[in-house]
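What follows is a short report on a single structure.
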Amino acid sequence: MLNQALLEQLTDAINSRGGATPAVKLPQFYDVLNEFFTAEEAEIAVKLPAEGITVKQLAQLTGAKDTGKLVQALESMADRGLLLADKLGDNTTYKLLPLVPGMFEFQFMKGGTSERERKIILLIHEYIKALTQASAAAKATGTPEKKRVVHLDELISKVAVIHSLVECLDLIEKTDDIAVGNCMCRHRGEIVGRPCDKPKELCIMLGPEAKAATARGIMRMITKDEAHKLLDRAEEAGLVHQTMYHQGGFIEFLCNCCVCHCATLKGIYRSPAPSLAAIVKQVIEIDKESCLGCGDCVPRCQMEAIKMEGDELKLDANRCIGCGLCMYTCPADSLKLIKRDNPWAAMLPGH
């Protein structure tokens with residue numbers, strides 16, 4: 001068991017890594033940390049800088065004498081998906097992962113259902129519930145749980161970016177290393193008795209760190225052609241393609257999400273204006289002259305941005321997140337994506 005001071009330090013360290021899901025000082029999150037880390041591992045994890053660090057550098061930073069023991073602890077955490085271990089030449093660098101995308105997903109990308117995996121996923125489920133309740137309570141009272149300065153880079157690192165299929169295919173073409181694993185959200189749904197009928201193995205990692213995840217057996221490497229087929233499968237299933245905004249523009253995770261299980265997409269859906277709850281670069285335009293009024297596109301929209309009014313298809317542009325899923329089933333090609341005037345509105349204070 002970790003003592004209270006170490007739990008709080010570790011929570012702060014994880015939260016500083018950004019990501020879509022914050023690490024908040026709640027009893028339910030401490031339960032997760034106690035299952036993830038030993039006290040010895042937690043002491044090491046809180047000392048890891050934001051960028052990768054070698055064993056030699058970490059030993060110098062912490063004054064550790066037994067580097068063999070240090071390597072053993074770091075490797076154990078990397079094997080369990082808590083750290084990312086990236087081999088660069090003769091050296092391996094280690095860095096603490098954020099919760100999402102990162103630590104939480106890496107627990108379940110193998111699709112395992114062991115007793116420990118079931119325990120972890122239930123603990124995470126309880127934390128997400130507590131986090132949702134705390135957020136709702138804070139909004140209801142107008143009082144944040146804890147007042148603090150939120151810097152711009154932290155704010156935008158937690159904003160989802162919505163992509164069309166064409167944009168996703170372009171990302172694949174620009175990336176040499178690609179890996180895929182199971183969607184943690186839909187896997188969690190199965191274990192807690194809320195299964196999803198959408199395909200699971202669609203969480204895609206891009207770039208050099210894909211190799212690091214694959215080396216630990218967390219994901220599997222795929223070719224560009226396989227990635228194209230997976231994205232086509234996601235498009236057919238009606239899944240929204242999204243990433244997290246990353247400083248410098250590089251994208252590591254490409255998720256294919258359903259509003260029934262993805263907490264990020266669910267939060268966007270619940271917003272009065274989903275187009276302002278994410279970085280939305282495009283919006284659907286309806287060609288009313290060619291539209292047949294068949295309504296085939298309506299159930300494809302996870303944001304409920306389009307609907308039939310009599311024989312006419314109507315669009316609520318504030319709810320449209322520019323994913324383009326509605327275009328997939330249009331028999332008359334009456335729907336197209338056009339550039340949105342202010343795709344960065346979600347970064348502005350108050351959104």
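Read in order, the letters of the sequence shown correspond to residues 1 to 351 in the numbering used here. Here a beta-carbon is modelled for each residue, glycine too, at the ideal position from N, C-alpha and C. It should be emphasised that the depicted structure is a prediction, and the values quoted were computed from it without experimental measurement.
Coarse secondary structure for residue i, derived from DSSP in three states
i: MET353; result: What is shown of the chain runs 1 to 351, which leaves residue 353 out entirely.
i: ILE268; result: helix
i: ILE44; result: helix
i: PHE108; result: coil
i: THR92; result: strand
i: THR113; result: coil
i: VAL240; result: strand
i: MET103; result: helix
i: LEU230; result: helix
i: VAL149; result: Caution applies to VAL149, whose pLDDT of 37 falls short of 50 and renders its modelled position unreliable; the value that the coordinates give is listed next. Residue state, collapsed to three classes: coil.
i: LYS25; result: coil
i: ARG80; result: coil
i: LEU119; result: Residue identity check: residue 119 is Lys in the sequence provided, not Leu. Note: LYS119 maps to helix in three-state DSSP.
i: ASP197; result: coil
i: LEU352; result: The chain is shown only over 1 to 351; residue 352 falls outside these bounds and no answer can be derived.
i: ILE204; result: strand
i: ASP66; result: coil
i: ARG216; result: coil
i: ILE279; result: strand
i: PHE253; result: strand
i: ALA436; result: No answer is possible for residue 436: the residues shown for the chain start at 1 and end at 351.
i: ALA366; result: Residue 366 is absent from the structure shown; the chain starts at 1 and stops at 351.
i: ALA50; result: coil
i: ALA73; result: helix
i: ALA137; result: helix
i: ALA130; result: helix
i: LEU7; result: helix
i: ALA39; result: helix
i: ALA85; result: strand
Counted within 10 angstroms of its Cβ, other Cβ atoms place residue i as buried (16 or more) or exposed
i: ASN342; result: exposed
i: LEU152; result: Its pLDDT being 33, under 50, LEU152 is placed unreliably in this model, and the value from its coordinates should be taken loosely. LEU152 is exposed by the Cβ-count criterion.
i: LEU61; result: exposed
i: PRO272; result: exposed
i: SER334; result: buried
i: MET1; result: exposed
i: GLY52; result: buried
i: VAL192; result: exposed
i: PRO299; result: exposed
i: VAL180; result: buried
i: ARG194; result: exposed
i: GLY63; result: exposed
i: ILE338; result: exposed
i: MET308; result: exposed
i: THR113; result: exposed
i: GLU235; result: buried
i: GLU35; result: exposed
i: GLU145; result: Residue placement at GLU145 cannot be trusted, given a pLDDT of 46 that sits under 50; what the coordinates show is reported in the next sentence. The residue in question, GLU145, is exposed, as its Cβ has fewer than 16 Cβ neighbours within 10 Å.
i: GLY310; result: exposed
i: GLY324; result: buried
i: GLY352; result: Lying outside 1 to 351, the shown extent of the chain, residue 352 is not represented and no answer is given.
i: THR175; result: buried
Supposed contact pair residue j and residue i - C-beta distance, whole angstroms, cut 8 angstroms
i: VAL240; j: GLN302; result: 6 angstroms
i: ILE96; j: ALA13; result: With the sequence shown as reference, residue 96 is identified as Leu, and Ile is not the correct amino acid for it. That belief holds up - the Cβ atoms of LEU96 and ALA13 are roughly 6 angstroms apart, short of 8 angstroms.
i: PRO331; j: LEU292; result: 7 angstroms
i: PHE29; j: ALA23; result: 6 angstroms
i: LEU10; j: LEU33; result: 6 angstroms
i: GLN107; j: GLU117; result: 7 angstroms
i: THR243; j: PHE253; result: 6 angstroms
i: ALA215; j: MET205; result: That pair is no contact at about 12 angstroms.
i: TYR269; j: VAL280; result: Actually they are not in contact, since the Cβ atoms of TYR269 and VAL280 sit about 13 angstroms apart, beyond 8 angstroms.
i: LEU70; j: LEU58; result: 7 angstroms
i: ILE284; j: CYS255; result: Not confirmed; about 21 angstroms, so no contact.
i: ALA317; j: VAL159; result: At roughly 19 angstroms, the Cβ-Cβ gap does not stay under 8 angstroms, so ALA317 and VAL159 are not in contact.
i: ILE162; j: GLY322; result: 6 angstroms
i: ALA305; j: LEU313; result: ALA305 to LEU313, Cβ: 11 angstroms. No contact.
i: ALA50; j: SER16; result: 7 angstroms
i: VAL55; j: LEU74; result: 7 angstroms
i: ILE286; j: MET221; result: In fact, because the Cβ distance is near 41 angstroms, the residues do not count as touching under 8 angstroms.
Residue-level contact to chain B via CB, residue i, 8 angstroms cutoff
i: MET303; result: Of the protein chains in the structure, only one exists, and it is not chain B.
Could you tell me whether the stretch 196 to 206 touches the stretch 122 to 139, where touching means 3 or more Cβ pairs closer than 8 angstroms?
no
May I have a chain-ordered list of the beta strand (DSSP E) segments no shorter than 3 residues that lie completely inside the stretch 283 to 347?
As summarised for the stretch 283 to 347, the continuous beta strand (DSSP E) elements at least 3 residues long and confined to that stretch are 306 to 309, 312 to 315 and 335 to 339, given in chain order.
Are there three or more Cβ pairs, one per stretch, closer than 8 angstroms when the stretch 180 to 196 is compared with the stretch 96 to 109?
Touching, per the Cβ criterion.
Please give the ranges of any alpha helix (DSSP H) in the stretch 153 to 184, keeping only runs that are unbroken, at least 4 residues long and fully inside the region.
165 to 173
Determine contact between the stretch 78 to 94 and the stretch 228 to 235, defined as no fewer than three beta-carbon pairs at a distance below 8 angstroms.
Taking one beta carbon from each stretch, the stretch 78 to 94 and the stretch 228 to 235 have fewer than 3 pairs nearer than 8 angstroms; the two do not touch.
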